[in-house]
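To keep things clear, I will list the structure first and then write my remarks on it.
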Amino acid sequence: MIKLIHEYEQILIGRRQAFSHEMFHYGPAGNERQALAVIRYAAEYLLGWSPEQSSVFFTYPLMKYMHLDPLMKYIRFP
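With our numbering as the guide, the letters of the sequence shown map in order to residues 79 to 156.
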């Protein structure tokens, strides 16, 4: 998990273009957990939002701005 967060921070500061494929090789459920962990990190630690605030203010344009949109392919939406 720490390596995944480190990769995300490298993407944010422009040192990486994308997440490495080795971070998402756990199958659908594991990949979804990995993706949600990065999104949770961005919302709680970088933005300082509570889960309630995240559910209101986390929009697709913000996800794109924060380079989180590639992770959406790993999340199963209802």
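Where a beta carbon is used, it is the ideal one built from N, C-alpha and C, also for glycine. As the structure is a computational prediction, the values presented were derived from the model and not from experiment.
* Asked: Does the Cβ of residue 112 have 16 or more other Cβ atoms within 10 Å, making it buried, or fewer, making it exposed?
  -> The residue is buried, with at least 16 neighbouring Cβ atoms inside 10 Å.
* **Identity of the residue in 155, 148 and 131 nearest residue 102 by Cα** => Per the Cα distances, 148.
* To do: Could you check if residue 155 is buried or exposed, using at least 16 other CB atoms within 10 Å of its CB as the buried criterion?
  => So residue 155 ends up on the exposed side.
* State yes or no: is the C-beta of residue 115 nearer than 7 Å to some heavy atom of the ligand MG? => Within the structure as shown, the ligand MG is missing, as the structure has no ligands at all.
* Asked: Exposed or buried, which one is residue 107 when buried takes at least 16 other CB atoms within 10 Å?
  -> Residue 107 is exposed by the Cβ-count criterion.
* To do: Give the straight-line distance between the Cα atoms of residue 80 and residue 99, rounded to the nearest whole angstrom.
  => When rounded, the distance between both Cα atoms is 16 Å.
* Asked: What are the boundary residues of the alpha helix (DSSP H) that residue 131 is part of?
  -> Boundaries of the alpha helix (DSSP H) harbouring residue 131: 129-135, taken from the DSSP string.
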